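Sequences listed follow chains Y and L, in order. Residue numbers for the first sequence follow the working numbering, so the first one is 83 and each next one is one higher. Residue numbers for the second sequence follow the working numbering, so the first one is 83 and each next one is one higher. What follows is a short report on a single structure.
There are 2 protein chains.
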Amino acid sequence: MNIIREVSAMRAWSRQKRAEGKTIGFVPTMGYLHEGHKSLLSASVQETDATVLSIFVNPLQFGPNEDLDRYPRDEERDVAIAKSAGAEVVFAPTVEEMYPNEMYTTVRVPALSAMLCGASRPGHFDGVATVVSKLFHIVQPHQAFFGLKDAQQAAIIEKMVQDLNMDVRIRTCPTVRESDGLAMSSRNKYLSVEERATAPELYRSLEQVREWVEQEEWPIGEILQKWRDRLQNMECAELDYAEILDYPSLQQPDLNLKMKKGQHRWIAACAVRFGQTRLIDNVLIGTHAKAETVRQTGGNAICI
Amino acid sequence: MNIIREVSAMRAWSRQKRAEGKTIGFVPTMGYLHEGHKSLLSASVQETDATVLSIFVNPLQFGPNEDLDRYPRDEERDVAIAKSAGAEVVFAPTVEEMYPNEMYTTVRVPALSAMLCGASRPGHFDGVATVVSKLFHIVQPHQAFFGLKDAQQAAIIEKMVQDLNMDVRIRTCPTVRESDGLAMSSRNKYLSVEERATAPELYRSLEQVREWVEQEEWPIGEILQKWRDRLQNMECAELDYAEILDYPSLQQPDLNLKMKKGQHRWIAACAVRFGQTRLIDNVLIGTHAKAETVRQTGGNAICI
Chain Y
83 MNIIREVSAM RAWSRQKRAE GKTIGFVPTM GYLHEGHKSL LSASVQETDA
133 TVLSIFVNPL QFGPNEDLDR YPRDEERDVA IAKSAGAEVV FAPTVEEMYP
183 NEMYTTVRVP ALSAMLCGAS RPGHFDGVAT VVSKLFHIVQ PHQAFFGLKD
233 AQQAAIIEKM VQDLNMDVRI RTCPTVRESD GLAMSSRNKY LSVEERATAP
283 ELYRSLEQVR EWVEQEEWPI GEILQKWRDR LQNMECAELD YAEILDYPSL
333 QQPDLNLKMK KGQHRWIAAC AVRFGQTRLI DNVLIGTHAK AETVRQTGGN
383 AICI
Chain L
83 MNIIREVSAM RAWSRQKRAE GKTIGFVPTM GYLHEGHKSL LSASVQETDA
133 TVLSIFVNPL QFGPNEDLDR YPRDEERDVA IAKSAGAEVV FAPTVEEMYP
183 NEMYTTVRVP ALSAMLCGAS RPGHFDGVAT VVSKLFHIVQ PHQAFFGLKD
233 AQQAAIIEKM VQDLNMDVRI RTCPTVRESD GLAMSSRNKY LSVEERATAP
283 ELYRSLEQVR EWVEQEEWPI GEILQKWRDR LQNMECAELD YAEILDYPSL
333 QQPDLNLKMK KGQHRWIAAC AVRFGQTRLI DNVLIGTHAK AETVRQTGGN
383 AICI
């Protein structure tokens, strides 16, 4: 398996593959791979001829007081995982290689970037859209795979690709969870024993919200209130946000609305801080909301 | 020659050409072609295997009080010109084809967009960068050709391509002028007889500015003052801006600075309103500033 560090070499590899008529699958990551990333790699290997995994901790998407410097890294382990998953290339450029000049250009999807994680991380999604745009131009994939754990990110990338006529198909894959329901995340390693024991409450509360919504008894305003009360009572955790929005438009539905089967597709999404560590999770509810989660212990991930 | 109106058909054509190992040249325009566009087509036909001309009057780059609706159009004539210049395809999509959904995504190069034409046309260059980004993704050219008459646009596109790692080479070609020096523009047709007689004063004043700068006697602050006085005295015309900036950074040099041979590359650029019609022109001065203009009556356009 190749480890490529230069933009020009990555582009040359992609040109060659395309000239040979091969399809390229792409899994962009910040490294420190977990089962969620593995499921993306597995989908890509299954559905394209040649898979590229990128590892790049992108400074542009971190705010000044965020965890850029302490973001976990383990390239050796990541390369071994990529290899055993069947990837052909790991693209792992330096920051200088990705940003050799002062960046003047930004790709923005402001209408999808202001809410949820964008509210507490201003500029974050501009950084994401810009770096993914760069990576798409370098890797030139036919398909790119994103996890639904970062549902807002997936919605933004899908809209960017549609709006800018980028020639790549975006595939979104179910969130992969520990057996107790905690969504896989590179940041989970920072949890203390006590925090780790509490953290599955995020997903348990999301399953409760889905049940409440699907019962079609209460308007979502009431469900939101009950859910926020529950999250605010969590031990050693501070609620950042808990929202129910239309997906993928991320617009706030009328709070007096009740779910009607087959008519809505909503996302219930939350972010909670455990000390310095901020975890996010979500579930999709309603039309086409099937198969958006898979437990580590089994189940077939169906990417859409 | 093909006239293509659909994004999917344009993309299929480009894919086919690339699969055949052909290089694609691209000349994006808003139509109503003049000698300036012809010189771009000619450079593309000479230097690539297959040339695409696009005609698209892009609503995104027009302000609410600008001339979108009255922008001149003559597709039949444009197609004939493209054909006789040796283009293989005219890509002429409708607004609905280019913007089938509400646009949420913007590509911006704010540090190069606030001055010169950007100051009096807020949002204009965001619209340009966004539509050129879309067109590049659709046409997938190896090289794209832009005229130096729109020097700020060329600087923005070059920086966008560099920052976002777009896989296309940007070529800039000299401004083509009438025999009396007036820069070719689709908007020249709106000039009255009197305005048309006055309009060459823009270029005459620019040549004067170049001479003053190259004499290295006066600081640019003084030259600017003399130049603005001259333009403000023009008949039936209103000065919008006259600036001397570093090129392509578009930063304002120290006004006390005098030119030093081989050390600077500056642009002198101005915009003047003749009634409803706004004309722009510029010259490059200093290092590598050769060959940025060519008279219709002869001369070899050397695109860089």
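Virtual Cβ for every residue (Gly too), placed ideally from N, Cα, C. Here the structure is a predicted model, which is why all the values come from computation and not from measurement.
Beta carbon proximity, residue i to chain L, threshold 9 Å
i: Y/Asn140; result: no
i: Y/Arg155; result: no
i: Y/Thr188; result: yes
i: Y/Asp232; result: no
i: Y/Gly209; result: no
i: Y/Gly103; result: yes
i: Y/Gln225; result: no
i: Y/Leu198; result: no
i: Y/Ile220; result: yes
i: Y/Asp328; result: no
i: Y/Val89; result: yes
i: Y/Lys99; result: no
i: Y/Met242; result: yes
i: Y/Arg93; result: yes
i: Y/Leu246; result: yes
i: Y/Lys216; result: yes
Best match in the options for proximity to residue i [C-alpha to C-alpha]
i: L/Gly118; options: L/Asp160, L/Lys104 and L/Asn84; result: L/Asp160
i: L/Gln334; options: L/Phe228, L/Asp149, L/Lys271 and L/Leu306; result: L/Leu306
i: Y/Thr359; options: Y/Leu246, Y/Thr280, Y/Leu273 and Y/Arg203; result: Y/Leu273
i: Y/Ser202; options: Y/Leu366, Y/Cys352 and Y/Thr369; result: Y/Cys352
i: L/Gly168; options: L/Glu178, L/Pro182, L/Ser124 and L/Leu198; result: L/Ser124
i: L/Asp149; options: L/Leu332, L/Ser166 and L/Val139; result: L/Val139
i: L/Pro182; options: Y/Gln98, Y/Glu283 and Y/Leu246; result: Y/Leu246
i: L/Gly113; options: L/Ile106, L/Asp131 and L/Pro154; result: L/Pro154
i: Y/Cys199; options: Y/Leu339, Y/Ala265 and Y/Gln235; result: Y/Gln235
Cβ distance (whole Å) where residue i is taken to contact residue j below 8 Å
i: L/Ala389; j: L/Asn147; result: The displayed coordinates of chain L run from 83 to 386. Any statement about residue 389 of chain L would go beyond what the structure contains.
i: L/Thr187; j: Y/Val210; result: Going by Cβ atoms, the distance from L/Thr187 to Y/Val210 rounds to 13 Å, so no, they are not a contact pair.
i: L/Arg253; j: L/Cys385; result: 5 Å
i: Y/Gln143; j: Y/Val213; result: 7 Å
i: L/Glu240; j: L/Pro330; result: 6 Å
i: L/Met92; j: L/Ile86; result: 5 Å
i: L/Tyr285; j: L/Arg259; result: 7 Å
i: Y/Met316; j: Y/Thr280; result: 6 Å
Contact under 9 Å by Cβ, residue i with residue j
i: Y/Ile137; j: Y/Phe173; result: yes
i: Y/Ala319; j: Y/Ala350; result: no
i: Y/Tyr96; j: Y/Val243; result: As written in the sequence, residue 96 of chain Y is Ser, which differs from the Tyr given in the question. Result no, Cβ atoms of Y/Ser96 and Y/Val243 do not sit closer than 9 Å.
i: Y/Val127; j: Y/Val171; result: no
i: L/Leu337; j: L/Ile362; result: no
i: L/Val354; j: L/Asp322; result: yes
i: L/Gly263; j: L/Gly205; result: no
i: Y/Ile238; j: Y/Val191; result: yes
i: L/Leu313; j: L/Ser287; result: yes
i: L/Thr257; j: L/Leu217; result: no
i: L/Phe356; j: L/Glu277; result: yes
Endpoints, beta strand (DSSP E) assigned at residue i
i: Y/Ile137; result: Ala132 to Ile137
i: L/Leu361; result: Thr359 to Gly368
i: Y/Glu320; result: Glu320 to Asp328
i: L/Val172; result: Val171 to Phe173
i: Y/Phe207; result: Counting along the chain, Y/Phe207 falls outside any beta strand (DSSP E), though it belongs to the alpha helix (DSSP H) covering His206 to Val221.
i: Y/Thr111; result: Ile106 to Thr111
Contact with chain Y by residue i, beta-carbon distance below 9 Å
i: L/Gly381; result: Only weak support is given to the placement of L/Gly381: the predicted model assigns it a pLDDT of 47, under 50, and the value that follows is read from those uncertain coordinates. No - not a single Cβ of chain Y is within 9 Å of the one on L/Gly381.
i: L/Ala373; result: Here L/Ala373 scores only 48 on pLDDT, less than 50, and its place in the model should not be relied on; the value that follows carries that caveat. So, not an interface residue.
i: L/Pro192; result: yes
i: L/Thr257; result: no
i: L/Met185; result: yes
i: L/Arg355; result: no
i: L/Leu135; result: no
i: L/Thr212; result: yes
i: L/Ser166; result: no
i: L/Asp131; result: no
i: L/Ala351; result: no
i: L/Asp151; result: no
Range of the contiguous alpha helix (DSSP H) that encloses residue i
i: L/Val258; result: No alpha helix (DSSP H) holds L/Val258; the beta strand (DSSP E) holding it covers Thr257 to Arg259.
i: L/Cys199; result: Cys199 to Ser202
i: L/Gly229; result: Taken as a continuous stretch (DSSP letters only), L/Gly229 belongs to no alpha helix (DSSP H), being part of the beta strand (DSSP E) at Gln225 to Gly229.
i: L/Ile49; result: Because chain L here runs from 83 to 386, residue 49 of chain L falls outside it and cannot be looked at.
i: L/Ile192; result: The question names Ile, but residue 192 of chain L is Pro in the sequence shown. Its alpha helix (DSSP H) spans residues Pro192 to Ser195.
i: L/Ile86; result: Careful: L/Ile86 lies outside any alpha helix (DSSP H), inside the beta strand (DSSP E) at Asn84 to Ile86.
i: L/Ile239; result: Ala233 to Asp245
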